[in-house]
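> Here it is, the structure in full.
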Amino acid sequence: MIAADSTFRLDANVVDYLIVVAYFAVVLGIGLLARRQVSSSIDFFLSGRSLPAWVTGLAFVAANLGAVEIMGMSANGAQYGMATAHYFWVGAVPAMLFLGVVMMPFYYGSGVRSVPEFMRKRFGTGAHLVNAVSFAIAQLLIAGINLFLLATIVNRLLGWPLWVSLVVAAIIVLSYTALGGLSAAIYNEVLQFFVIVAALVPLTTIALHKVGGWDGLRERIQPGPEQLSSWPGTDLTGIDNPFWSVVGIVFGLGFVLSFGYWTTNFVEVQRAMAADSISAARRTPIIGAFPKMFIPFVVIIPGMIAAIIVPELAALKGGDAVEGVTYNDAILLLMRDLLPNGMLGIAIAGLLASFMAGMAANISAFNTVFSYDLWQQYVVKDREDDYYTLVGRLATVAATVIAIGTAFIASNYSNLMDYLQTLFGFFNAPLFATFILGMFWKRMTPTAGWTGLVSGTLAAVAVAVLSQDALGGLSLGVLPFSGQGASFAAAGAAFVVDIAVSVAVTTVTVPKPEKQLVGLVYSLTPKESLTDPDQSTMPWYQSPTKLAGIALVIVVIFNVIF
Amino acid sequence: MSEPTTKKTAGAFDIRYIIGGLLGFYGVVLVVVGLFFTSEEDLAKGDGFHVNLWTGIALLVTAAIFGAWARWRPIIVEDS
Chain Y
1 MIAADSTFRL DANVVDYLIV VAYFAVVLGI GLLARRQVSS SIDFFLSGRS
51 LPAWVTGLAF VAANLGAVEI MGMSANGAQY GMATAHYFWV GAVPAMLFLG
101 VVMMPFYYGS GVRSVPEFMR KRFGTGAHLV NAVSFAIAQL LIAGINLFLL
151 ATIVNRLLGW PLWVSLVVAA IIVLSYTALG GLSAAIYNEV LQFFVIVAAL
201 VPLTTIALHK VGGWDGLRER IQPGPEQLSS WPGTDLTGID NPFWSVVGIV
251 FGLGFVLSFG YWTTNFVEVQ RAMAADSISA ARRTPIIGAF PKMFIPFVVI
301 IPGMIAAIIV PELAALKGGD AVEGVTYNDA ILLLMRDLLP NGMLGIAIAG
351 LLASFMAGMA ANISAFNTVF SYDLWQQYVV KDREDDYYTL VGRLATVAAT
401 VIAIGTAFIA SNYSNLMDYL QTLFGFFNAP LFATFILGMF WKRMTPTAGW
451 TGLVSGTLAA VAVAVLSQDA LGGLSLGVLP FSGQGASFAA AGAAFVVDIA
501 VSVAVTTVTV PKPEKQLVGL VYSLTPKESL TDPDQSTMPW YQSPTKLAGI
551 ALVIVVIFNV IF
Chain Z
1001 MSEPTTKKTA GAFDIRYIIG GLLGFYGVVL VVVGLFFTSE EDLAKGDGFH
1051 VNLWTGIALL VTAAIFGAWA RWRPIIVEDS
C-alpha cells in the first residue's frame, strides 16, 4: 500500500515549497527561543505553569487535531456523512466542558504534574503503576501511528521513500520538543492551529461553491439526503435499530469513550496544567470547546463533498473497486483537484504541521510520565532537579527512535481508525470509571483502584475478541458488533465492569484515611480551594461555568439542526 | 507604575507576533501569486474563484489583527 507507483501525486511547485520551508524555519526557531527560557524541570515539563488560557485552550484542541482527526474524520464524513459529527457534538464537546467545570479543579488544585500522579495520591502505587505503564506504552504506539501517517503524506506529496520521510519527520519533531520542552510543543500547536484553519477554510469554501452550495450538496449526496442529518446514525454505529443506535452513540461514544478520552488522557490534561491559574486551567478545555465544535464544518463537510466531486471517491462510494485510493485520501484528493499552487503549499504545510503536532504531543506527554512517574518514582529517587530534566530529554530521544519502530508496526494495519478507537476503549474507559468513582466516593479503597482498572481493561479486551472485527483476525465473531459500534460496546463493558468490581472490592478492603484524601475527593475538599479567590470579580468571559453554559447551548442547537 | 521587581514586555517573542508574522508572510506570497502568476487553468481549478488572492488578503487581515492585539495587550514578563 505504500508503494510510490499506484498512488496519486500533488503538483507542488517552488512557491509551495517556499511556504512549507518557511513553516519549518519558524517551528525550529520557536524551539530555540523556548530553550533560552527553560531553566528548571517544572519549566520543561509544565511550561512553568505560566501560559494564558487562550494559548493552552487552542493547544488543547490542536494537540488532538492530528492525523487521526483530519484524515480519519474526513474519511468518516465521506463514507457516513454528517453522523460523523457525533464525535464532536455528542463526544468531545460535552466531555471537554465536564473536564473544565468538574474535574480540572482537582487536577490543578492538587498540584500533581501528571494524571498518573493523581492516581498515586488517590489510590497508591498499585493503580499508579498500572496507569503509568499502560499510558507510556499507548503513547509510543500512537506516536508511531502519527509518524506513519505523516511519512505517508510526505511520501504521497513529495515522492520521498517512506523510510526517508519517517526519519526526517522524526528528526524535526525531536529537535523542537527536546530543545524547548512543553512550551515549544504548545506554542507550535497554537501556530499549527492557525495554519490548518488557513488551509481548511478556503478548501471548504471552494468545495461548497463547486458542489453548488448546501442545496447542491443535499441534491447530489449519495446514497441520499439522510447523510446530511446526524441522527440516528445507523450507518456509523453499524446498529440497524435506530433506538439502539442512539443508545450506542449517547452512552458508548458520548459518555464512556469521549469522557474517558478527554478527561483522563494526559496528553490533553497536560495542556491545561500548563495554565497560569486555576481558573485559566478550567477555562482551557472550555475555550478549546468553541473551535472544536466548528471543526466538523471544515473536516467532515469537505469529506462529504469529496465523495461527490472527486471521480475516484464517487466511484468508491458507488461500490466500485478503485486502485490506490481510499476514503482516507478524501482531503488530499480535494486539495489536488481544487487548490492552485500557493494555496496548495499552505494546505500541505497545515497537514504536515498537524501530524507533527500530534506526534509531539504524544512524545511530550510520554517524557513527563516516564521521568516523573516511572523513573523518579521507581528507579532513581531523590536526585537534583537537573538530573530529571536530563532524563526527560533522553526519554524524548528514545521515544522518537522507538516511534520510528512502532510506525513500521502501524504500517501493517489496514484499518488504523477502528483499531485506535478500540485501544481507547481498553485504556481510557476503565480509567474514567475509576477516576469518577474515586473523586466522588471517599470510601473507595486503593485495592479497588487497581483491580477495577485491570478488570475493566480485560472486559473491553474480551468484548473486542468476541466481536466481529474490532481486533481484525483475532476477533471471533460471537457478538453481533462490528466497526465503530464494536468499540462503543467494548468501552461500555469496560466502564460497567470497572464500576462493579471497584464497588465489590471496596466493601471487603480498607479505605485510605480521610486526612490523606483532602484535595482529591469532592466531599473532603473545601470549596474555596477549587476556585480562584478573585473568581467573583472576574468578567463573564473569564468565568468557566458561564463559558461552559454558552458552549453547551450552541452544541445543543447544532444537534437539533443537523 | 513603580513595582519592586523589574518588568518588561515579551516583545518579539510574543507568540502573537510569531503567528502574525508567519500568516502575514503567507498572505504576501499568496497575494503576489494571485495577482501576477495566476493562469486560466488555476482559475478553473478553483471554480472561477481567485483563491490565492482572497486567501492572501484574509491572511493579511488576520496577521494585522494579531499584531494589533499583541501591541494593545502586551505580555508582561517578570525579570528575576
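Residue numbers (the working numbering), protein chains in the order written: chain Y, 1 to 562; chain Z, 1001 to 1080. No residue lacks a Cβ here, since even glycine has one placed at the ideal position from N, Cα and C. Note that this is a predicted model, so its numbers are computed, not measured.
(1) Going by DSSP, what residue range makes up the alpha helix (DSSP H) through leucine 517 of chain Y?
(2) Taking only runs of the beta strand (DSSP E) that begin and end inside the stretch 372-398 of chain Y, which ones reach a length of at least 3 residues, in chain order?
(3) Between which two residues does the alpha helix (DSSP H) carrying tyrosine 576 of chain Y extend?
(4) At a CB-CB cut-off below 7 Å, which residues of chain Y make contact with valine 1051 of chain Z?
(5) Rounded C-beta distance between threonine 400 of chain Y and alanine 170 of chain Y? I'm assuming under 8 Å.
(6) Please report the straight-line C-alpha distance between tryptophan 1072 of chain Z and phenylalanine 135 of chain Y, rounded to a whole angstrom.
(7) For tyrosine 87 of chain Y and glutamine 421 of chain Y, I'd like the C-alpha separation in whole angstroms.
(8) Taking the continuous alpha helix (DSSP H) assigned at glutamine 11 of chain Y, which residues delimit it?
(9) Could you list which residues in chain Z have their beta carbon closer than 8 Å to that of alanine 22 of chain Y, in chain order?
(10) Can you grab the Cα-Cα spacing for the pair threonine 264 of chain Y / alanine 433 of chain Y, in whole Å?
(11) Return no unless some Cβ of chain Y is closer than 9 Å to the Cβ of isoleucine 1057 of chain Z.
(12) Taking 8 Å as the cut-off, does the stretch 484-495 of chain Y touch the stretch 439-450 of chain Y (at least 3 CB pairs, one atom from each stretch)?
(13) Let me confirm a value: phenylalanine 255 of chain Y is counted as buried when at least 16 other C-beta atoms fall within 10 Å, else exposed. Which label applies?
(14) When the Cα atoms are used, what is the spatial distance from glycine 392 of chain Y to valine 379 of chain Y?
(15) List, in chain order, every chain Z residue whose beta-carbon is nearer than 8 Å to that of isoleucine 346 of chain Y.
(16) Report yes or no: do three or more beta-carbon pairs, one from the stretch 135-151 of chain Y and one from the stretch 381-388 of chain Y, lie closer than 8 Å?
(17) Any idea if aspartate 320 of chain Y is buried or exposed, counting beta-carbon neighbours within 10 angstroms, 16 or more meaning buried?
(18) Beta carbon of alanine 360 of chain Y, beta carbon of valine 173 of chain Y: below 9 Å?
(19) Give the residues of chain Z in contact with valine 190 of chain Y, contact being defined as C-beta atoms less than 8 Å apart.
(20) Using a Cβ-Cβ cut-off of 9 Å, state whether isoleucine 19 of chain Y counts as contacting chain Z.
(21) Within 10 Å of its beta-carbon, does proline 296 of chain Y have 16 or more other beta-carbons around it, so buried, or fewer, so exposed?
(22) Among Y:Tyr261, Y:Leu203, Y:Ile346, Y:Arg218, which residue has its Cα nearest to the Cα of isoleucine 331 of chain Y?
(23) Quick check: is any heavy atom of the ligand GDP less than 8 Å from the C-beta of asparagine 1052 of chain Z?
(24) With a cut-off of 9 Å, does the C-beta of glycine 1034 of chain Z fall near any C-beta of chain Y?
(25) Could you tell me which chain Z residues have their CB closer than 7 Å to the CB of phenylalanine 194 of chain Y, listed as they occur along the chain?
(26) Indicate the three-state DSSP secondary structure (helix, strand or coil) for alanine 357 of chain Y in the structure shown.
(27) Are the stretch 114-128 of chain Y and the stretch 288-305 of chain Y touching by the rule of at least three beta carbon pairs closer than 8 Å?
(28) Excluding the 5 residues preceding and the 5 following threonine 1055 of chain Z in the sequence, name in chain order all residues of the same chain whose CB lies nearer than 6 Å to its CB.
(29) Verify the CB distance criterion: does leucine 1060 of chain Z have a CB-CB separation below 9 Å to chain Y?
(30) Can you give me the start and stop residues for the alpha helix (DSSP H) that threonine 152 of chain Y sits inside?
(31) Please state the DSSP three-state secondary structure of alanine 275 of chain Y.
(32) Taking the alpha helix (DSSP H) that threonine 264 of chain Y belongs to, which residues open and close that run?
(33) If I follow the unbroken alpha helix (DSSP H) through valine 369 of chain Y, where does it start and stop?
(34) Give the single residue among Y:Glu219, Y:Phe60, Y:Ser114 whose Cα lies nearest to the Cα of histidine 128 of chain Y.
(35) Please report the straight-line C-alpha distance between glycine 1067 of chain Z and leucine 458 of chain Y, rounded to a whole angstrom.
(36) So what's lysine 442 of chain Y in DSSP terms, helix, strand or just coil?
Inspection of the coordinates gives the following:
(1) Along the first sequence, one-based indexing puts residue 517 of chain Y at 517. It is not in any alpha helix (DSSP H) - leucine 517 of chain Y carries neither H nor E in the DSSP assignment.
(2) none
(3) The requested residue 576 of chain Y does not occur in the structure, where chain Y is confined to residues 1 to 562.
(4) Residue 1051 of chain Z sits at position 51 when you count from the first residue of the second sequence. Residues of chain Y passing the Cβ test: Pro202, Ile206, Leu339, Pro340, Met343.
(5) For the purposes of this step, residue 400 of chain Y is taken as the residue at position 400 of the first sequence. For the purposes of this step, residue 170 of chain Y is taken as the residue at position 170 of the first sequence. Rounded to the nearest angstrom, the Cβ distance from threonine 400 of chain Y to alanine 170 of chain Y is 5 Å, consistent with a contact under 8 Å.
(6) Taking the second sequence and counting its residues from 1, the one referred to as residue 1072 of chain Z is at position 72. Taking the first sequence and counting its residues from 1, the one referred to as residue 135 of chain Y is at position 135. The alpha-carbon atoms of tryptophan 1072 of chain Z and phenylalanine 135 of chain Y are separated by roughly 42 Å.
(7) Position 87 of the first sequence, counted from the start, is the residue given in the question as residue 87 of chain Y. Position 421 of the first sequence, counted from the start, is the residue given in the question as residue 421 of chain Y. Note on geometry: alpha-carbon atoms of tyrosine 87 of chain Y and glutamine 421 of chain Y lie some 11 Å from one another.
(8) Your numbering for residue 11 of chain Y matches position 11 in the first sequence. Per the sequence presented here, residue 11 of chain Y reads as aspartate, with glutamine not at that position. Unbroken run through aspartate 11 of chain Y: none, as it is neither H nor E.
(9) In the first sequence, counting from the first residue as 1, residue 22 of chain Y sits at position 22. Residues of chain Z passing the Cβ test: Leu1022, Phe1025, Tyr1026.
(10) Looking up residue 264 of chain Y in the first sequence gives position 264. Looking up residue 433 of chain Y in the first sequence gives position 433. Approximately 10 Å between the Cα atoms of the pair.
(11) Residue numbering aside, residue 1057 of chain Z sits at position 57 when the second sequence is read from its first letter. Not closer than 9 Å to any Cβ of chain Y, the Cβ of isoleucine 1057 of chain Z fails to qualify, so no.
(12) no
(13) Stepping through the first sequence from its first residue, residue 255 of chain Y is reached at position 255. Classification for phenylalanine 255 of chain Y: buried.
(14) In the first sequence, the residue the question calls residue 392 of chain Y occupies position 392. In the first sequence, the residue the question calls residue 379 of chain Y occupies position 379. Their backbone Cα atoms lie some 14 Å apart in a straight line.
(15) Counting from one through the first sequence, the residue named residue 346 of chain Y turns up at place 346. Near isoleucine 346 of chain Y (Cβ distances below 8 Å), the residues of chain Z are Tyr1026, Leu1030, Thr1055.
(16) no
(17) One-based indexing of the first sequence puts residue 320 of chain Y at position 320. Exposed, because fewer than 16 other Cβ atoms sit within 10 Å of the Cβ of aspartate 320 of chain Y.
(18) Stepping through the first sequence from its first residue, residue 360 of chain Y is reached at position 360. Stepping through the first sequence from its first residue, residue 173 of chain Y is reached at position 173. A contact, by the Cβ cut-off of 9 Å.
(19) For this step, residue 190 of chain Y is matched to residue 190 along the first sequence. By Cβ distance, chain Z contributes Ile1015, Ile1019.
(20) Reading the first sequence from its first residue, position 19 is the one you call residue 19 of chain Y. So, interface residue.
(21) Here residue 296 of chain Y refers to the residue found at position 296 of the first sequence. Proline 296 of chain Y is buried by the Cβ-count criterion.
(22) Here residue 331 of chain Y corresponds to residue number 331 of the first sequence, with the count starting at 1. Among Y:Tyr261, Y:Leu203, Y:Ile346, Y:Arg218, the Cα nearest to that of isoleucine 331 of chain Y is on Y:Leu203.
(23) By its list of ligands, the structure shown contains no ligand whatsoever, and the ligand GDP lies outside what it can speak to.
(24) Within the second sequence, numbered from 1, the residue matching residue 1034 of chain Z stands at position 34. So yes, glycine 1034 of chain Z belongs to the interface.
(25) If you number the first sequence from 1, residue 194 of chain Y lands on position 194. Neighbours of phenylalanine 194 of chain Y on chain Z, chain order: Ile1019, Leu1023.
(26) As a first step, residue 357 of chain Y must be located in the first sequence, where it is residue number 357. Alanine 357 of chain Y falls in the helix class under three-state DSSP.
(27) The answer is no - the stretch 288-305 of chain Y does not touch the stretch 114-128 of chain Y, with fewer than three Cβ pairs under 8 Å.
(28) Residue mapping note: residue 1055 of chain Z aligns to position 55 of the second sequence, counting from 1. So the qualifying residues of the chain are Leu1030.
(29) As a working note, residue 1060 of chain Z is residue 60 in the second sequence. Not closer than 9 Å to any Cβ of chain Y, the Cβ of leucine 1060 of chain Z fails to qualify, so no.
(30) Stepping through the first sequence from its first residue, residue 152 of chain Y is reached at position 152. Threonine 152 of chain Y -> alpha helix (DSSP H) spans 125-158.
(31) Working through the first sequence from its first residue, we reach residue 275 of chain Y at position 275. Strand, per DSSP.
(32) For the purposes of this step, residue 264 of chain Y is taken as the residue at position 264 of the first sequence. Here the alpha helix (DSSP H) through threonine 264 of chain Y covers 259-264.
(33) Position 369 of the first sequence, counted from the first residue, corresponds to residue 369 of chain Y. Per DSSP, valine 369 of chain Y belongs to no alpha helix (DSSP H) and is neither H nor E.
(34) Position 128 of the first sequence, counting from 1, holds the residue named residue 128 of chain Y. Of Y:Glu219, Y:Phe60, Y:Ser114, the residue nearest in Cα terms is Y:Ser114.
(35) Counting from 1 along the second sequence, the entry for residue 1067 of chain Z is found at position 67. Counting from 1 along the first sequence, the entry for residue 458 of chain Y is found at position 458. About 53 Å.
(36) Along the first sequence, read from residue 1 onward, the residue named residue 442 of chain Y stands at position 442. Note: lysine 442 of chain Y maps to coil in three-state DSSP.
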